[in-house]
Structures are given as structure tokens and as C-alpha cells.
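Heads up: the structure comes next, in C-alpha cells.
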Amino acid sequence: MLPPDLSLAEHPHSVPCQIRHGITFEHVTFCYPQSTEPVLRDLSFHLKPNCCTALVGPNGAGKTTLIKLLFRFYDPTEGRILLDGIDLRKYDLDDLRAHMGAIFQDFVRYEFTLGENIGVGNLSCMQDRSLLRRAAEEADMLHFIDQLPRGLDTPLGREFGGRELSGGEWQKLALARAFLRDCSLLVLDEPTAALDAQAEYNLYSHFQKLTQGRMTVLISHRFSSVRMADTILYLSQGQIREEGSHEELMQRQGEYARLYTLQAAQYVREGLSHEEGIH
């Protein structure tokens, strides 16, 4: 089912196997159906290929809505989004989404086996245990799996008397699912929200290796988590207020620098180590 006003191209383009020029937002404004108040206002920016762009800002700033436009859950009310110079609306919709991988805040907890939970990220890899294990390792979950008597064959959830996982373990599974997908664009929306500080540090310590060769968009309310991004976009009230690397934004002493400093001080007060909290 297509959302209202989401049209399909009559003669759609195929998405290139490798994105060469990136994704460009040109004066994008968006209002949800039945609303006249824009969530995004005249956004213009560029996502570079093979680079990581982080989106930060207060709740309601429009970060998740921006991702919905990337996946064409909706189309812009005004403006356009270009992938390698071609409007997203001119691409085959199924092909477009096949080139994208994501972990959202409300990820699904399938009551399948552990391996099947990872495999649904890329059904063609469901039976390839080596690829399933590699995705689990990238999500910092392989050691946990190897300690289970049935490993990848462990059933999960209460429905069939399977093993119950913690919130953090389910989130790692969702991460493994995303890493299994051979995609050109990887979107991580609050990927460590349910992880403790050590698990979050373990993930981000090899983040560049995990995202190598992929265009990556990272959304996080934890400013310390986006330091490794090539570009950081600070959104507020549906607009980009600041743009640059972590070092550049800290030097400007704007809102990003103020909030980063506040969060860093909070980590110290809570007794987290420098490496775990504000590395």
C-alpha cells in the first residue's frame, strides 16, 4: 500500500550499484497529511558517498521525518531529493529500498530462532551461517551467541518457550540484521539507545570499519556518539542550524558545542569513564 500522494514512476530508473555523487536535498519542505505545519523547512544539504553524516538535535526537530523521506515513505511537500542527480521519485521504489538498510528505534522482535532473526535482514543469506556469524560479530553479539547451547538455532521469545533477551540484546540483534544487508545506504536511528555504556563504546570503537564503503546516516541524541561522523547536521525546528565536523562545530561555540559540553559534564557526574562516556 502506498501512502497518499506517493506516486510511482511510469518508466522508473534502476538504482546504481554504487552511489557515485551522493544524495542531495534541494529546498525540501514537508508537512504530514492533514497538517499545515511544516516539520521540515527549506532543507538543502548533501550526503556524500562513502561518508557518515550524523543528524542531531532536540526531539521533534525533524530527524526521523527526514529519514522517512529518504526511504520514500513520503514525498516532499516542496523541493526534491536527488540520488546521483536523479529525483528519487523517478527510481523504481522496490529497487530503491532494496539498496537501503536501516535500524529504527521501534525495531521488530521476531519470535524466530536467533539466526533467523538476523537472516530476515537479507533473506538470500538466511542459510549462510558464516555471514550470519559475521553480522553478529559486527554487532558485538557473537560471544553471547557462542555461549548458548544451541547458538544460532536458539529459539527466541515466550510464544514457543524460547529464550528471553534483554532490551540491549534485542537491539544488537537488530544491528546484526542491518549489517547483514548489502546496502548502499545504511541508516542507524538511535542504534545504541538500549545498550549500556560499555556496549555502546564497543560498537562505536569499530564504527568506521562497519560503515566502510557505505553512505551512512546516524541519528543519535547522544552527542558523544557522533564524533566520528564526517559531517554533523544540527537540526532544530525543522531546519539545519549548524553543519560541519565535530571539531569545526566545537570551534564555533554554537548550540552543538553547548549541548555537547552539557552532556559530557553529565557523563562525568554519573561516574562514567572518559572512554565510555565522552570518547
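Heads up: the sequence shown begins at 1 in the UniProt record's numbering, then just goes up one per residue.
C-beta: ideal position from N, C-alpha, C; glycine also.
* **Beta-carbon spacing of L152, L132 below 8 Å** => A contact, by the Cβ cut-off of 8 Å.
* For the 8 Å Cβ check, are there 3 or more pairs between the segment 133 to 143 and the segment 81 to 100? -> Contact between the segment 133 to 143 and the segment 81 to 100 is absent, because fewer than three Cβ pairs lie under 8 Å.
* So, is Y32 buried or exposed, given that buried needs 16 or more other C-beta atoms within 10 angstroms? -> Within 10 angstroms of the beta-carbon of Y32 lie fewer than 16 other beta-carbons, which makes it exposed.
* **Proximity of P185 and A178 at Cβ, strictly below 8 Å** => The question names Pro, yet the displayed sequence has Leu at residue 185. Contact: no.
* My understanding is that A61 touches S236, with C-beta atoms under 8 Å, so please give their C-beta distance in whole angstroms. => The Cβ separation is near 5 Å, so the contact holds.
* Could you check which residue in E159, W170 and D92 has the C-alpha nearest to that of E10? => The shortest Cα separation from E10 among E159, W170 and D92 belongs to D92.
* To do: Report, in whole angstroms, the separation of the C-beta atoms of R20 and P49, which I expect to be a contact under 8 Å.
  => Their Cβ separation, rounded to whole angstroms, is 6 Å, which keeps R20 and P49 in contact under 8 Å.
* Nearest candidate by alpha-carbon position, reference A257, set L70, R227, Q239 and F112 -> The shortest C-alpha separation from A257 is found at R227.
* Asked: What distance in whole Å lies between the Cβ atoms of V56 and Y234, which are believed to be in contact at a cut-off of 8 Å?
  -> A Cβ-Cβ distance of about 6 Å is found for the pair Y234 and V56, placing them in contact under the 8 Å criterion.
* **Host beta strand (DSSP E) of A102 (start-end)** => Run containing A102: M100 to I103, per the beta strand (DSSP E) assignment.
* Asked: If we ignore side chains and look at the alpha-carbon of each, how far apart do G277 and S7 end up?
  -> With a pLDDT of 49 at G277, under the threshold of 50, the predicted position of this residue should be treated as unreliable, though the coordinate-derived value follows. Computed Cα separation, rounded: 45 Å.
* Asked: From what residue to what residue does the alpha helix (DSSP H) around H46 run?
  -> No alpha helix (DSSP H) contains H46, which is instead part of the beta strand (DSSP E) from L40 to L47.
* To do: Can you grab the Cα-Cα spacing for the pair D182 / G101, in whole Å?
  => Going from the Cα of D182 to the Cα of G101 covers about 8 Å.
* Asked: Between L173 and the rest of its own chain, which residues show a CB-CB distance below 6 Å, the 5 nearest in sequence each way excluded?
  -> Hits under 6 Å: N117.
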